[in-house]
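Anchor point for the sequence shown: position 394 equals 401 in our numbering, and the numbering is continuous, going up by one each time.
Even for Gly, the Cβ is constructed at its ideal location relative to N, Cα and C.
Below is one structure, written out as structure tokens, with a few remarks after it.
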Amino acid sequence: MSWGTELWDQFDNLEKHTQWGIDVLEKFIKFVKERTEIELSYAKQLRNLSKKYQPKKNSKEEEEYRYTSARAFLATLNEMNDYAGQHEVISENMTSLITGELTRYVQELKQERKSHFHDGRKAQQHIETCWKQLEASKRRFERDCKEADRAQQYFEKMDADINVTKADVEKARQQAQLRHQMAEDSKAEYSSTLQKFNSEQHDHYYTHIPHIFQKIQEMEERRIVRIGESMKTFAEVDRQVIPIIGKCLDEITKAAESIDHKNDSQLVIEAFKSGFEPPGDVEFEDFTQPMKRTVSESSLSNSRGDGKSEPKFGGKSKGKLWPFIKKNKLMSLLTSPHQPPPPPPASASPSAVPNGPQSPKQQKEPLSHRFNEFMTSKPKIHCFRSLKRGGAGPEDFSNLPPEQRRKKLQQKVDELNKDIQKEMDQRDALTKMKDVYIKNPQMGDAASVDHRLAELGQNIEKLRLEVQKFEGWLAEVEGRLSMRTEARRQSGLYEAQNTSAVNSCAQDRESPDGSYTEEQSQETEMKVPATDFDDEFDDEEPLPTIGTCKALYTFEGQNEGTISVAEGEMLYVIEEDKGDGWTRIRRNEDEEGYVPTSYVEVYLDKNAKDVYKSLEKISE
């Protein structure tokens with residue numbers, strides 16, 4: 008089966024077919040090129056997606072990735088990044104193995120096709136030239152034959168005419184002979200040209216054209232084979248990355264299977280455990296003895312049962328409040344009434360309201376309801392206040408609860424020990440290097456490392472001092488926790504032995520925050536080891552001001568949680584009305600409390616208010 012013998016007369020159709028074959032090849036190249044662009048775009052989108060959900064450095068999200076579920080998600084993101092890389096590999100391999108190679112091949116194919124068809128056209132032009140020569144020789148032979156015939160007839164006519172002179176007859180005879188000779192020459196030339204043409208035609212259709220068409224056929228078959236191989240490569244490029252993609256998917260599955268809900272639950276405990284104990288039972292409030300203060304009130308205000316004066320709330324005492332809450336904040340939570348405040352007086356004169364509005368302390372709602380309200384609210388702890396102010400926490404982590412502080416200190420000690428080990432490894436390496444230099448002076452100067460060794464020694468000493476400092480704080484916290492646990496145990500035993508005399512005997516009762524309030528009686532005294540740990544939460548900075556206010560009327564705040572104001576006095580607003588009719592204000596650093604909202608005219612600073620609200624959301 009050869010195009011040269013079967014398609015000897017289809018030169019034009021072969022030219023069109025081979026051009027179509029090149030167009031198909033270019034179309035396939037364009038298809039692969041667009042596929043590589045899609046793969047690159049897909050890989051880029053996958054990488055951007057993975058990067059979008061990666062945890063940001065030095066952010067809260069980084070801390071969340073200690074949980075197994077979050078780590079599994081992070082592993083999924085990393086695997087998706089590798090997955091995207093495989094699509095980039097597909098694009099690169101298709102570009103280099105298919106697009107680039109086929110583009111070069113197409114250029115070579117076009118040149119080869121052009122050369123073959125140029126040879127074919129040249130052969131056709133040659134045979135056409137031979138045919139034209141044959142036709143010219145044939146026409147000349149025909150013409151000479153006709154002229155010789157006419158010359159012969161003329162000679163015969165002249166020879167038969169008696170009136171023609173002998174000279175004319177001779178002339179006619181010579182002319183006839185000349186024409187006959189020319190005809191014979193034309194015949195010989197025509198015969199020679201015919202033989203030559205037949206030879207050329209035979210060579211053209213049986214040698215030159217089959218040879219040229221055979222080359223064109225081979226070229227076309229190579230093109231077909233090449234496009235088939237490229238299609239196989241197209242599939243093979245995908246197949247080569249399938250195992251790696253499978254590994255990525257296997258890793259994602261493995262990460263998902265590594266999620267441990269129990270471990271995550273334990274991490275939540277470790278992350279947020281404060282080390283305090285839940286609040287104790289609320290004591291029974293005996294309203295049949297109006298002159299005797301209830302156990303709960305005396306515990307919260309740190310008053311003595313023997314009639315001693317109450318200590319000022321602004322000072323520090325052994326009776327501690329709940330953790331992370333300022334004293335005035337606690338009292339405001341316990342004394343800020345749910346009942347609406349009385350309306351302002353009709354006149355601005357103090358005589359119109361002889362005793363002022365009802366004190367927030369005089370509430371009808373049981374104190375236990377205030378405890379429940381506080382336990383369901385979210386406290387604003389000191390560390391969030393520090394966050395609001397943009398400042399860093401203290402070096403000894405005293406702003407954290409005991410358990411969290413212990414963890415932070417232990418973590419710091421571990422980090423310092425690792426740094427010490429690194430410095431010691433460097434020192435040992437330099438010491439060995441110095442020994443080598445001493446033994447082989449040509450390798451280096453031993454004195455050149457002395458300065459660095461001295462620096463490393465100083466660094467190690469500094470780090471050891473830091474470790475001692477943090478270990479001291481750590482031992483202090485662990486000692487306090489153990490002492491607190493023992494104190495709670497003794498307090499529980501003591502209360503169990505004295506439940507019948509709860510109003511007369513000394514109490515060492517644990518407050519809802521896990522700290523202690525001590526009260527002495529004349530008969531017995533329970534001593535609990537006092538620590539300064541809870542004092543660390545009393546040094547908290549005051550709440551930021553969000554505006555100012557002007558007192559429209561005089562208000563006598565005689566009980567805890569309220570503050571007295573004079574008509575026309577300008578004060579600072581630190582907490583606006585939450586809907587209960589009371590506004591929290593401050594006169595100076597030591598005096599702040601609640602006044603009825605209707606007794607003051609408030610001027611809020613919009614910027615400060617917005618900042619305050621945003622920080623409140625952060626703390627929650």
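Sequence-distant partners of Arg73 (beyond 5 residues in either direction) whose C-beta falls short of 7 Å from its own C-beta, in its chain, are Leu274. Among the bridge pairs identified by DSSP, Cys556 is matched with Leu578 and Val609. Annotation for Ile592: the continuous beta strand (DSSP E) segment containing it runs Trp589 to Arg593.
For Gly451, there is no enclosing beta strand (DSSP E), as DSSP gives it neither H nor E.
Taking C-beta separations shorter than 7 Å and ignoring five residues to either side along the sequence, the partners of Asn424 in its chain run Val474, following chain order. Non-local beta-carbon contacts of Val171 in its own chain, meaning distances under 6 Å to residues more than five positions away in sequence, involve Met165 in chain order. Assigned with DSSP and collapsed to three states, Pro401 falls in coil, not helix or strand. Proximity of the region 553 to 560 to the region 573 to 582 meets the contact definition, three or more beta-carbon pairs being nearer than 8 Å.
The beta carbons of Lys419 and Phe477 sit closer together than 9 Å. With respect to the 9 Å criterion, Arg471 and Leu437 are not classified as neighbours on the basis of their beta carbons. Rounded to whole angstroms, the separation of the alpha carbons of Val113 and Ile219 is 20 Å. Residue state for Val572 is assigned as strand, using DSSP reduced to three classes. Nearest in C-alpha terms to Val456, of all of Met440, Glu468, Met450 and Lys469, is Met440.
Secondary structure note for Val602: its beta strand (DSSP E) is the uninterrupted segment Glu599 to Pro603. In the three-state DSSP reduction, Phe291 falls in the coil class, being neither helix nor strand. Around the beta carbon of Lys139, a 10 Å sphere encloses fewer than 16 other beta carbons of the protein chains shown; the residue is thus reported as exposed. For Phe283, the secondary structure class from DSSP, reduced to helix, strand or coil, is coil. Secondary-structure assignment with DSSP links Phe562 through a beta bridge to Val572. Arg120 places its beta carbon 9 Å or farther from that of Ile234. Around the CB of Met238, fewer than 16 other CB atoms lie within 10 Å, so the residue is classed as exposed. For Gln61, no alpha helix (DSSP H) segment is defined, and its DSSP state is neither H nor E.
By the beta-carbon neighbour count (other beta carbons within 10 angstroms, threshold 16), Lys414 is buried.
Pairwise C-beta distances place the region 70 to 90 out of contact with the region 219 to 233, as fewer than three of them are shorter than 8 Å. By the neighbour-count criterion, in which a residue is buried when 16 or more other Cβ atoms sit within 10 angstroms of its Cβ, His211 is buried. In this structure, the alpha-carbon of Glu599 lies about 7 Å from that of Arg591. With respect to Glu46, Glu95 sits close: the two C-beta atoms are nearer than 9 Å. When Thr43, Val572, Asp192 and Gly11 are compared, the shortest CA-CA separation from Arg147 is found for Asp192. Taking Arg412 as the centre and dropping the five residues before and after it, the same chain places the C-beta of Phe404 and Val484 closer than 6 Å to its C-beta, in chain order. The criterion of a C-beta distance shorter than 9 Å is not satisfied by Leu109 and Ile216.
With respect to the C-alpha of Thr75, the residue from Gln565, Ala158 and Ser272 having the closest C-alpha is Ser272. A residue is called buried once 16 or more other Cβ atoms fall within 10 Å of its Cβ, and Tyr197 is buried on that count. In the DSSP assignment, Trp10 falls within the unbroken alpha helix (DSSP H) covering Trp10 to Glu13. Counting every other CB atom within 10 Å of its CB across the protein chains shown gives Met101 a total of 16 or more, marking it as buried.
Under the DSSP assignment, Thr260 falls in the alpha helix (DSSP H) whose first and last residues are Ile216 to Glu264. Nearest to Lys585 by C-alpha distance, out of Phe241, Thr604 and His125, is Thr604. Setting aside the 5 residues that flank it on each side, Asp452 is surrounded in the same chain by Tyr444, each with a C-beta closer than 7 Å to its C-beta; the list follows chain order.
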